[in-house]
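Number of protein chains: 2
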Amino acid sequence: MIVSVDIGGTHLRVALLDGDFKILYRNRMPTGRRSKPQSSCQQIVEMIHAGMENIGHRNIRGIGISSPSVDRRTGKLVNPPNLPEWNGYSISEFLGKRLGVATAILNDASLAALGEHRFGAGLGYQNMLYYTLSTGIGGGLIFDGMLYEGESGFAGELGHVTVNPGGDLCGCGNRGCLELYASGPSIVDKVLEEIRSGSKTSLSNKEFINTEDVFNAASIGDELCVEVVARAGNYLGMGILNAMHAFEPQVIVIGGGVSAKFSQLRPYVEDKISRYAMAHFRGTIDIKTSILGDDASLIGAACYADESISEE
Amino acid sequence: MIVSVDIGGTHLRVALLDGDFKILYRNRMPTGRRSKPQSSCQQIVEMIHAGMENIGHRNIRGIGISSPSVDRRTGKLVNPPNLPEWNGYSISEFLGKRLGVATAILNDASLAALGEHRFGAGLGYQNMLYYTLSTGIGGGLIFDGMLYEGESGFAGELGHVTVNPGGDLCGCGNRGCLELYASGPSIVDKVLEEIRSGSKTSLSNKEFINTEDVFNAASIGDELCVEVVARAGNYLGMGILNAMHAFEPQVIVIGGGVSAKFSQLRPYVEDKISRYAMAHFRGTIDIKTSILGDDASLIGAACYADESISEE
Numbered sequence: 255m256i257v258s259v260d261i262g263g264t265h266l267r268v269a270l271l272d273g274d275f276k277i278l279y280r281n282r283m284p285t286g287r288r289s290k291p292q293s294s295c296q297q298i299v300e301m302i303h304a305g306m307e308n309i310g311h312r313n314i315r316g317i318g319i320s321s322p323s324v325d326r327r328t329g330k331l332v333n334p335p336n337l338p339e340w341n342g343y344s345i346s347e348f349l350g351k352r353l354g355v356a357t358a359i360l361n362d363a364s365l366a367a368l369g370e371h372r373f374g375a376g377l378g379y380q381n382m383l384y385y386t387l388s389t390g391i392g393g394g395l396i397f398d399g400m401l402y403e404g405e406s407g408f409a410g411e412l413g414h415v416t417v418n419p420g421g422d423l424c425g426c427g428n429r430g431c432l433e434l435y436a437s438g439p440s441i442v443d444k445v446l447e448e449i450r451s452g453s454k455t456s457l458s459n460k461e462f463i464n465t466e467d468v469f470n471a472a473s474i475g476d477e478l479c480v481e482v483v484a485r486a487g488n489y490l491g492m493g494i495l496n497a498m499h500a501f502e503p504q505v506i507v508i509g510g511g512v513s514a515k516f517s518q519l520r521p522y523v524e525d526k527i528s529r530y531a532m533a534h535f536r537g538t539i540d541i542k543t544s545i546l547g548d549d550a551s552l553i554g555a556a557c558y559a560d561e562s563i564s565e566e
Numbered sequence: 255m256i257v258s259v260d261i262g263g264t265h266l267r268v269a270l271l272d273g274d275f276k277i278l279y280r281n282r283m284p285t286g287r288r289s290k291p292q293s294s295c296q297q298i299v300e301m302i303h304a305g306m307e308n309i310g311h312r313n314i315r316g317i318g319i320s321s322p323s324v325d326r327r328t329g330k331l332v333n334p335p336n337l338p339e340w341n342g343y344s345i346s347e348f349l350g351k352r353l354g355v356a357t358a359i360l361n362d363a364s365l366a367a368l369g370e371h372r373f374g375a376g377l378g379y380q381n382m383l384y385y386t387l388s389t390g391i392g393g394g395l396i397f398d399g400m401l402y403e404g405e406s407g408f409a410g411e412l413g414h415v416t417v418n419p420g421g422d423l424c425g426c427g428n429r430g431c432l433e434l435y436a437s438g439p440s441i442v443d444k445v446l447e448e449i450r451s452g453s454k455t456s457l458s459n460k461e462f463i464n465t466e467d468v469f470n471a472a473s474i475g476d477e478l479c480v481e482v483v484a485r486a487g488n489y490l491g492m493g494i495l496n497a498m499h500a501f502e503p504q505v506i507v508i509g510g511g512v513s514a515k516f517s518q519l520r521p522y523v524e525d526k527i528s529r530y531a532m533a534h535f536r537g538t539i540d541i542k543t544s545i546l547g548d549d550a551s552l553i554g555a556a557c558y559a560d561e562s563i564s565e566e
C-alpha cells in the first residue's frame with residue numbers, strides 16, 4: 255500500500271492506494287492560511303492511521319507527498335505563497351520519521367503531470383506538457399516517458415512565462431506572466447475591473463463573481479465575459495504555442511479547476527496554433543483535458559513514491 | 255573511427271574523429287544554394303575517402319550527420335530553408351548505403367548542444383539549454399544528462415518563441431519570434447532600417463554592414479548600434495528568462511557566430527534575469543559561451559552516432 259499526501263492551499267488531503275494505484279481510502283481537512291506545519295502534519299498522520307484502520311491495512315510501502323514550492327534536493331518548502339508558516343519546513347522528514355517509511359516529495363503540478371501520464375489523459379504518450387489552470391498556473395513536463403523535474407524540482411513553471419512584455423508585474427517577480435491572464439482569479443479580476451470602469455455585463459448585480467460565472471455568462475453571449483474569455487484563451491494559446499516550439503510534445507494535458515471550462519478556451523488556443531505554429535508542429539499535437547481531475551496529484555505522488563522506492 | 259558530416263547553409267563539412275572524439279581530419283566545400291543533394295552527397299563521400307586515405311584509417315564505426323530541418327523518424331529533410339532542392343531527401347540513406355555503415359542524423363542545433371554537453375561548455379552539468387545565435391536562432395536541450403529530441407527531432411526551437419506579441423511575422427509562421435531580434439541578420443537589418451529612416455550612425459557610409467560591424471560600433475559608443483544591441487540583448491534576455499522558468503536548466507550555453515560578441519549582450523540578459531526571474535532561479539543558473547565553436551555540431555554528431563550505435 256502507498257500513501258499519498260497533498261498539501262493544497264485549501265485542503266490537506268490523504269489517500270491510500272493499492273498496488274495498482276487505485277485509491278482505496280481518502281480523507282481531507284481544511285488547510286487554513288495560518289496553519290502551523292507541525293500540527294497539520296500530526297493531523298495528516300492521524301488521517302493516515304484512520305485510513306489504515308478503515309481498510310484494514312498495516313503495511314505502508316512508502317509515502318508520496320505533493321506540495322507547492324518544494325525544493326526536491328532538501329525536501330523543504332521554499333516560500334509557499336499560500337502557506338507562509340510552512341517556509342523551510344520538511345513535511346517529508348516529519349512524516350518519514352513518524353511513520354517509519356520512505357518518503358518522496360515533489361511539486362504538485364509535476365506530480366499531477368505524472369499521474370495524468372501514468373493513468374490519465376497522457377497515457378501512451380512519450381512527451382507531454384501538463385498545465386494546471388487553477389488559482390495559479392503551474393506545469394509539469396514528461397520527456398521520453400520520464401518526469402523531468404529540473405535541478406531543484408522547479409522545472410515546468412509554464413504559468414510564469416511572459417506572454418505580454420508590457421504587462422503587469424506578477425507575484426513571482428516576472429512581468430506579463432500567463433498566470434495574470436488565464437488563471438481563475440485573473441479572469442474574475444478582469445471582469446471586476448471592467449465593471450468598475452463602467453462596462454455592462456449580466457454579472458453586474460451579482461454580489462460575488464467566480465470563474466465559473468464568467469464562463470457561463472460568456473457561453474450565453476455576455477459580451478464582456480466573451481471578451482475576457484477570449485483574452486484568456488489567446489494568451490493561453492500563445493503560451494502553449496511557445497512551449498510547443500520549445501519542447502515538441504505529442505500531447506498537452508490541461509488540468510486544474512478551470513479545465514472544466516476548457517472547451518470555451520480551446521477555440522482560441524487552436525486558432526493560435528493553426529495560424530502561427532511552425533509547419534512541423536501543425537496538426538501533430540493533441541490537446542486533452544485531465545481525466546483524473548483532483549486525483550491527479552494524489553495518484554502522481556503515489557507513482558513517484560513507488561518509482562523512487564523501486565530505484566533504491 | 256567515426257565520421258561526422260555537417261550540412262550547413264554555406265558549407266558541407268566532413269570530419270574524421272578518433273575514439274576520444276578528437277578530430278583527426280577535416281575538410282569542407284561550399285554548399286551552393288542551388289546544390290543538388292545527390293551530387294553533393296557524392297562529394298561528401300569523396301571527402302570522406304580522401305580523409306581516410308590521409309590519416310591511413312579504413313574502419314568507420316558509424317556516421318553522424320548534422321543537418322537543418324531533419325525529421326528524425328524518417329531521416330528526411332523537411333523544407334530546409336536554405337536548401338530548397340534537398341526537401342524530402344535522405345542524406346543518411348545515401349551515405350549509409352554508399353559507405354556500408356550505420357548512420358545517425360539529427361538537427362544541427364541539437365547536435366551542437368550534445369557536443370557542448372559532452373566536451374564543451376556544458377561538461378559536468380545535468381540540465382542545459384543551448385542557443386545558437388547565427389543566421390537564425392536554434393536551440394538544443396539536455397535533460398538529466400540526455401539529449402531531448404522531441405517526437406520528430408524538432409524540439410528546441412528556442413528562436414521561434416514569441417518575445418514580441420505585436421511583432422512581425424517570422425519566416426517560420428509565428429509572430430514576433432526571438433530570431434527577428436537577436437539573430438545576426440536581424441541586427442544588421444534593424445541598423446539598415448534606421449539608417450533609411452534618417453538615424454545617424456558611424457556606419458552610414460559603409461557599403462556593406464555585417465553583424466560584427468554593428469557590435470564593434472556599439473562598443474565604441476555609436477548610439478544607434480548601442481540601441482540595436484540593447485534591443486537584441488533585451489529580447490534574448492526575455493527568451494532565456496522564459497526558458498529558464500519552463501526548464502530549470504543549470505547552465506545556458508550560447509553558440510553560433512554571434513556568440514563571439516555575447517559579452518556585449520550579456521549585461522542585458524543578466525539584468526532581465528536579476529530583475530524578473532522567480533526567486534528560486536535567481537543566481538542559480540550559469541550562462542556560458544561555446545567552447546567548441548564551429549566544431550560543436552561535428553563533435554556532437556560523432557557522439558550521437560556513437561551513442562546510437564552503442565544502443566543497438
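Those protein sequence lines, which keep their order, are chains U and R. Every letter in the first sequence is one number past the one before it in this note's numbering, and letter 287, counting from 1, is 541. Every letter in the second sequence is one number past the one before it in this note's numbering, and letter 39, counting from 1, is 293. Idealized CB from N, CA, C, for every residue including glycine.
Spatial distance of residue i from residue j (CA atoms)
{"i": "I365(R)", "j": "G392(R)", "result": "With the sequence shown as reference, residue 365(R) is identified as Leu, and Ile is not the correct amino acid for it. Their backbone Cα atoms lie some 11 Å apart in a straight line."}
{"i": "E571(U)", "j": "P503(R)", "result": "This structure leaves residue 571(U) out entirely; chain U is present only between 255 and 566."}
{"i": "V257(U)", "j": "A363(U)", "result": "18 Å"}
{"i": "V442(R)", "j": "S456(R)", "result": "14 Å"}
{"i": "G427(R)", "j": "L331(R)", "result": "18 Å"}
{"i": "G509(R)", "j": "E466(R)", "result": "15 Å"}
{"i": "E477(U)", "j": "F516(U)", "result": "18 Å"}
{"i": "K460(U)", "j": "S451(U)", "result": "16 Å"}
{"i": "M255(U)", "j": "C557(U)", "result": "12 Å"}
{"i": "I285(U)", "j": "P419(U)", "result": "In the sequence as presented, Ile is not what sits at residue 285(U); that position holds Thr. For T285(U) and P419(U), the distance between alpha carbons rounds to 35 Å."}
{"i": "M283(R)", "j": "L266(R)", "result": "5 Å"}
{"i": "D272(R)", "j": "L278(R)", "result": "7 Å"}
{"i": "R485(U)", "j": "I541(U)", "result": "19 Å"}
{"i": "A514(R)", "j": "S544(R)", "result": "9 Å"}
{"i": "M259(R)", "j": "V417(R)", "result": "According to the sequence displayed, residue 259(R) carries Val and not Met. Taking the straight line joining both Cα atoms gives about 33 Å."}
{"i": "V512(R)", "j": "G390(R)", "result": "10 Å"}
{"i": "P439(U)", "j": "E447(U)", "result": "12 Å"}
{"i": "R536(U)", "j": "D325(U)", "result": "36 Å"}
{"i": "A358(U)", "j": "C431(R)", "result": "39 Å"}
Residue closest to residue i, alpha-carbon to alpha-carbon, out of the options
{"i": "V505(R)", "options": "H371(R), R315(R), D272(R)", "result": "H371(R)"}
{"i": "P322(R)", "options": "M306(R), G310(R), W340(R)", "result": "W340(R)"}
{"i": "G374(R)", "options": "S517(R), E561(R), V507(R), Y530(R)", "result": "V507(R)"}
{"i": "L552(R)", "options": "M532(R), P291(R), I319(R)", "result": "I319(R)"}
{"i": "I396(R)", "options": "M382(R), F408(R), G407(R)", "result": "M382(R)"}
{"i": "I527(U)", "options": "N308(U), C479(U), A304(U), M498(U)", "result": "M498(U)"}
{"i": "I539(U)", "options": "I474(U), D548(U), L546(U), E524(U)", "result": "E524(U)"}
{"i": "D398(U)", "options": "G305(U), I317(U), Y379(U), H534(U)", "result": "Y379(U)"}
{"i": "G329(U)", "options": "A436(U), A356(U), H414(U), L412(U)", "result": "A356(U)"}
{"i": "G421(R)", "options": "H414(R), R429(R), V415(R)", "result": "R429(R)"}
{"i": "A533(R)", "options": "G491(R), L495(R), S473(R)", "result": "L495(R)"}
{"i": "L401(U)", "options": "C424(U), G369(U), V415(U), T386(U)", "result": "G369(U)"}
{"i": "G354(R)", "options": "P521(R), R327(R), F501(R), G316(R)", "result": "G316(R)"}
{"i": "H303(R)", "options": "G262(R), K444(R), L349(R)", "result": "L349(R)"}
{"i": "F501(R)", "options": "Y489(R), L412(R), S437(R)", "result": "L412(R)"}
Residue i burial status per 10 Å Cβ neighbour count (16 or more: buried)
{"i": "P335(U)", "result": "exposed"}
{"i": "S388(R)", "result": "buried"}
{"i": "P291(U)", "result": "buried"}
{"i": "K351(R)", "result": "exposed"}
{"i": "N308(R)", "result": "exposed"}
{"i": "D560(U)", "result": "buried"}
{"i": "D549(R)", "result": "buried"}
TODO: Could you please tell me which residues of the stretch 410-430 of chain U, in chain order, have their CB closer than 8 Å to any CB of chain R?
DONE: G410, E411, L412, H414, V415, T416, V417, N418, P419, C426, G427, N428, R429
TODO: Quick one: which residues of the stretch 323-338 of chain U get their C-beta closer than 7 Å to a C-beta of chain R? List them in chain order.
DONE: Look at the stretch 323-338 of chain U: the residues with a C-beta under 7 Å from a C-beta of chain R are V332, N333.
Open item on the list: So within the stretch 509-545 of chain U, which uninterrupted alpha helix (DSSP H) runs reach at least 4 residues, ignoring any that extend past its ends?
Closed with: 516-530
TODO: Could you run through the stretch 489-521 of chain U and flag, in chain order, every residue whose CB is less than 8 Å away from some CB of chain R?
DONE: M492, L495, N496, A497, H499, A500, F501, E502, P503, Q504
TODO: For the stretch 454-480 of chain U, enumerate the residues whose C-beta is nearer than 9 Å to any C-beta of chain R, in chain order.
DONE: none
- [ ] Mind listing, in chain order, the continuous beta strand (DSSP E) runs of no fewer than 3 residues lying wholly within the stretch 449-484 of chain R?
- [x] Those beta strand (DSSP E) runs which fall completely within the stretch 449-484 of chain R and span 3+ residues do not exist here.
Task: Interface residues of the stretch 384-412 of chain U facing chain R [CB-CB below 9 Å] - done: Against chain R - using a Cβ distance shorter than 9 Å - the residues of the stretch 384-412 of chain U are G393, L395, F397, D398, M400, Y402, E403, G404, E405, S406, G407, F408, A409, G410, E411, L412.
Task: the stretch 525-536 of chain R: positions lying closer than 9 Å to chain U by Cβ - done: R529, Y530, A531, M532, A533, H534, F535, R536
Task: Within the stretch 298-370 of chain R, ranges of the alpha helix (DSSP H) (whole runs, at least 4 residues) - done: 345-353
- [ ] Please name the residues in the stretch 339-354 of chain U whose beta-carbon is closer than 9 Å to at least one beta-carbon of chain R, in chain order.
- [x] Those residues of the stretch 339-354 of chain U that come within reach of chain R (Cβ to Cβ, closer than 9 Å) do not exist; the list is empty.
Task: Selection of the stretch 363-382 of chain R by Cβ proximity to chain U, strictly under 8 Å - done: Q380, N381
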